[in-house]
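Engineer: Residue numbers (the numbering used here): 2 to 745.
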């Protein structure tokens, strides 16, 4: 039986709420409007030893947190270690040695952003504990203690104080519990009544689905050929995680239509069947059971429809933390935080006649939330699952700790944490409006200006490029659903990840890290961002207005008009563009001239290292007068400094490169000249084709006027510039035309 100390007996959430009305800033401890608890950490520990459970919880939390005096400045413990941690290495020992160690309490919440005011708060769900001052004098060699954050967990219903919810819902540790399914059913029902969500139309089933039977029958799941029937269905988004034994093949095709071998079906699939039954949905779509895995023809046809499969699904179930198909989705986490301090209760209202309480618990810094899962989970590291998530208007997402919901009207978790910094940002809004435009109950206003959609597209491409694919040959197919769905809004032709209506910006990609080696098996031209496995970024400066410096696309050929193949792996393609060029010499020379603003024109990022490179793909660009080339650009490795430069021709790596100017913006005001230009670096291919080039990097100019850099081109007349890639043994060429027009 707990014997509360006087200070804890007089404490309530409502008391702390009143103080928060005076002063509140998200994720910050108040300077003055706090509850003054014990005068010292020593007094706190005495109260704990005397039987106060709330004081004991606080003391035990500090005992389990590592802390090294003079080195630690924040609580880095993700899990509470143990109450008997080495004394000299614990926050408990450090707190006892503080000259000032008074205890202060405040209420907080984890769903707002840093610095947000009280007007952003929809739920108070944390208790903040500050030991000693929040700041130390500047001359101090130590760091002030950060505040300790404890969790407030309430009952199934919400207690409220002046319209603000108190505590989070306590969630059942078993994701397969009736309580969890009850929550999921409620979410689905609420979504069906949202004015801004989907039209309540019954979707056409995909070509094949798994028929799991009705909930009140003992039907054995089987593969069903839908023949255009309409019914609700669930689509599964999951990781294979290696070979799956039971898949649909030409050999199993007939047998699986009679019954699936349930004993051999992996746990993820069985769990998805159970989820569907609990939600009252009879059909489930799973790639490995609904696409004939040993038929290239069937795979090409059905993979091209996957965008529609996920977009039209009644619900997509996402197995965020299941690394393999055998792991399962419906997890139990009874022992995850078994080693944790004993919780305590805190009265909600000041009125002692009201007995509502919240539970005060240790709060782990690694506590799961949907923002963290979307950034770090195994599912979101895979290439195919990006379009599965983006194209799905309704997602039921399974983590380790709880379930989450996402639809056009809301994002929510089972513990009822409101939207905010615990959830992913609302990215790709314009692209989503386009993707869902014909299935939403209230059609969104689609702007005629496609710029916002293109901005979303390039961010989607960046996100996709950072993900992994088991088979590089899937590079196009795993992104094709997104391209198909936004194509009507963007218009023009889709060319291996680029759009003809915005071709110049599509060319301006570069490696996020050191390099981006080209991979021939991807079936992408060298100028496409899909040619590499590396994570890429696009130029953040986009000049949508037409300028005299723009590269112009004149012609493209060989793009399939077949709807199935148009967005898939390119079999043959050519594009003719017109633009300005300048010769470029690549050197391995290092110079101390990075600070020579009077000489440095800009930078070049090479896609791949040369044999002589030291790993630094970024080089500075200068102008030189070459005996053969005339005035040209040269790239040098630059180190900090402002030395004069003496060019060594014996350090040249390649002297037959070109920079093709892609976009530029030049302004001249009085005597102040400023310019910005970007292009791609090209080199002759090694296959004996005359005037044939391939992309090998991206170049940015920010200093000298673009006109002065490009008007000295030594090229005469028009000639054909071919950027090529391999597909199997066949060499496919992409034609690029360059003109020599000088700009004065």
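We put the CB at the ideal spot given by N, CA and C, even for glycine.
Quick caveat: nothing in here was measured; it's all calculated off a predicted structure.
Below 6 Å CB to CB, which residues in the same chain sit around residue 649 once its five sequence neighbours on both sides are set aside?
Structural biologist: Within the same chain, residue 649 has close Cβ partners 590.
Engineer: With respect to the beta strand (DSSP E) encompassing residue 286, which residues constitute its N-terminal and C-terminal limits?
Structural biologist: First-last of the beta strand (DSSP E) with residue 286: 284-286.
Engineer: Among 595, 483, 585 and 398, which one has its Cα closest to the Cα of residue 184?
Structural biologist: If we check each option's Cα against that of residue 184, 398 comes out closest.
Engineer: Between which two residues does the beta strand (DSSP E) holding residue 19 run?
Structural biologist: That residue, residue 19, is in no beta strand (DSSP E); its alpha helix (DSSP H) goes 14-23.
Engineer: Do residue 236 and residue 286 come within 7 Å of each other at the CB atom, strictly closer than that value?
Structural biologist: It is a contact, given that the beta carbons lie within the stated cut-off.
Engineer: Apply the 10 Å Cβ neighbour rule to residue 661 and answer buried if 16 or more other Cβ atoms are within range, or exposed otherwise.
Structural biologist: It counts as buried.
Engineer: Locate the alpha helix (DSSP H) running through residue 539, then write down its first and last residues.
Structural biologist: No alpha helix (DSSP H) holds residue 539; the beta strand (DSSP E) holding it covers 537-539.
Engineer: List in chain order: all unbroken beta strand (DSSP E) runs of 3+ residues lying wholly within the segment 283-363.
Structural biologist: Qualifying beta strand (DSSP E) stretches, in chain order: 284-286, 316-320, 345-348 and 358-363.
Engineer: Counting along the chain, where does the beta strand (DSSP E) carrying residue 254 start and finish?
Structural biologist: Not the beta strand (DSSP E): residue 254 falls in the alpha helix (DSSP H), residues 254-259.
Engineer: Tell me residue 412's beta-bridge partners as DSSP assigns them.
Structural biologist: Answer by DSSP bridge pairing, in chain order: 407.
Engineer: Residue 680: buried (16+ other C-beta within 10 angstroms of its C-beta) or exposed?
Structural biologist: Classification for residue 680: buried.
Engineer: Over the uninterrupted alpha helix (DSSP H) stretch that includes residue 506, give me the two end residues.
Structural biologist: Per DSSP, residue 506 belongs to the alpha helix (DSSP H) from 504-508.
Engineer: Check this for me: beta carbons of residue 351 and residue 91, under 7 Å apart or not?
Structural biologist: No. Outside cutoff.
Engineer: Beta carbon of residue 313, beta carbon of residue 402: below 7 Å?
Structural biologist: No, the Cβ-Cβ distance between residue 313 and residue 402 is not below 7 Å.
Engineer: Given a threshold of 16 other Cβ atoms within 10 Å of its Cβ, counted over all protein chains shown, does residue 651 qualify as buried or as exposed?
Structural biologist: Classification of residue 651: exposed, given that the 10 Å Cβ count is below 16.
Engineer: Okay, do the segment 21-39 and the segment 324-333 touch, 3+ Cβ pairs below 8 Å being the bar?
Structural biologist: With a cut-off of 8 Å, the segment 324-333 and the segment 21-39 do not count as touching, because too few Cβ pairs lie within range.
Engineer: Considering just the uninterrupted stretch of the beta strand (DSSP E) at residue 211, what are its terminal residues?
Structural biologist: 209-212 is the span of the beta strand (DSSP E), which, as asked, contains residue 211.
Engineer: Please classify residue 410: is it buried, with 16 or more other beta-carbons within 10 angstroms of its beta-carbon, or exposed?
Structural biologist: The residue is exposed, with fewer than 16 neighbouring Cβ atoms inside 10 Å.
Engineer: Would you identify the three-state DSSP class for residue 386, choosing helix, strand or coil?
Structural biologist: Residue state, collapsed to three classes: helix.
Engineer: List the DSSP bridge partners of residue 578.
Structural biologist: Paired residues: 554.
Engineer: Quick one: what's got a C-beta closer than 7 Å to residue 117's C-beta in the same chain, skipping five residues either side?
Structural biologist: Cβ neighbours of residue 117 beyond the five flanking positions: 27.
Engineer: Just to confirm the assignment, what range does the beta strand (DSSP E) spanning residue 131 have?
Structural biologist: It spans 127-132 - the beta strand (DSSP E) in which residue 131 sits, taken as one unbroken run.
Engineer: Locate the alpha helix (DSSP H) running through residue 472, then write down its first and last residues.
Structural biologist: No alpha helix (DSSP H) holds residue 472; DSSP gives it neither H nor E.
Engineer: How close, in whole Å, do the beta carbons of residue 529 and residue 555 come, if the pair is a contact with beta carbons under 8 Å?
Structural biologist: That belief does not hold up - the Cβ atoms of residue 529 and residue 555 are roughly 18 Å apart, past 8 Å.
Engineer: Would residue 9 and residue 55 be called neighbours here (beta carbons separated by less than 7 Å)?
Structural biologist: Contact: yes.
Engineer: With a 10 Å radius around its C-beta and 16 neighbouring C-beta atoms as the bar for buried, classify residue 538 as buried or exposed.
Structural biologist: Burial call: buried.
Engineer: Short of 7 Å in beta carbon distance, which residues of its chain neighbour residue 358, apart from the five on each side in sequence? Order them along the chain.
Structural biologist: Correct list, in chain order: 346, 347, 348 and 349.
Engineer: Once you ignore the five residues that flank residue 16 on each side, which residues in its own chain have a CB closer than 7 Å to its CB?
Structural biologist: Excluding sequence neighbours, residue 16 sits near 36 and 351.
Engineer: Can you tell which of 451, 430, 427 and 576 has its C-alpha closest to the C-alpha of residue 497?
Structural biologist: When each option's Cα is compared against that of residue 497, the closest is 576.
Engineer: Going by C-alpha to C-alpha distance, which of 435, 332 and 294 sits closest to residue 273?
Structural biologist: It is 332.
Engineer: Under a three-way DSSP split, which group does residue 434 fall into?
Structural biologist: Residue state, collapsed to three classes: helix.
Engineer: In this structure, does DSSP put residue 156 in helix, strand or coil?
Structural biologist: Three-state DSSP puts residue 156 in coil, outside helix and strand.
Engineer: Name the two residues that bound the continuous beta strand (DSSP E) containing residue 234.
Structural biologist: Start and end: 234-238.
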